[in-house]
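Numbering (the numbering used here), first residue to last: 11 to 162.
Printed below as a string of structure tokens:
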């Protein structure tokens, strides 16, 4: 009987330790990034097909639209972005906790297909996050951001 109790206790301990170690995500958001660095880090993570990491740089209100944000910012889907290049990101306007930036992208290596996309960001708890472009234009919360983006 004592051996059974010890066996059950050991199995429970193993389950608790295994549950505590498993399921956790080692993906972490870099803190203290500038708006330009947030866009660059988002792009690099998406290009590396690390979509969970890329999602960390998208505003919580846009988080369910990470693929939409990726498609808008890059013009590419997660399956074709691996050939794209982010040539530059430049902040063009800031008002309070909102920034409008432009991202210059090359569709693929040695391509003359270059596009310039406006990107909106909001500051939440001291960190910058990308906001879905359509959401920025349609929601009253983002009126200031929509005005900044419309000037680009």
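Virtual Cβ for every residue (Gly too), placed ideally from N, Cα, C. The structure displayed is predicted, hence computed values, not measured ones.
Look at residue 37 here: in three-state DSSP terms it is coil, with no helix or strand label. Within the same chain, 37 and 55 come within 7 Å of residue 63 by CB-CB distance, once the 5 residues on both sides are set aside.
By alpha-carbon distance to residue 95, the top candidate from 52, 145 and 143 is 52. The region 92-106 makes no contact with the region 137-150; the number of CB pairs closer than 8 Å stays below 3. In this structure, the alpha-carbon of residue 153 lies about 38 Å from that of residue 120. Residue range 95-105 is occupied by the beta strand (DSSP E) that includes residue 105. Inter-residue distance for residue 48 and residue 134 is about 13 Å (C-alpha atoms, whole angstroms). If you ignore the 5 residues before and after residue 114, its C-beta comes within less than 7 Å of the C-beta of 97, 98, 124 and 126, all in its own chain and listed in chain order. When 39, 160 and 57 are compared, the shortest CA-CA separation from residue 109 is found for 160. Contact check for residue 101 against residue 137 fails: the beta carbons are separated by 7 Å or more. Assignment of residue 56 by DSSP, reduced to helix, strand and coil, places it in the helix class.
Residue 117 and residue 145 have their C-alpha atoms spaced approximately 25 Å apart.
Residue burial is scored here from C-beta neighbours: residue 74 has fewer than 16 other C-beta atoms within 10 angstroms and is therefore classed as exposed.
Here residue 103 is near residue 158, since their CB atoms are less than 7 Å apart. Under the DSSP definition of a beta bridge, residue 152 lacks any partner.
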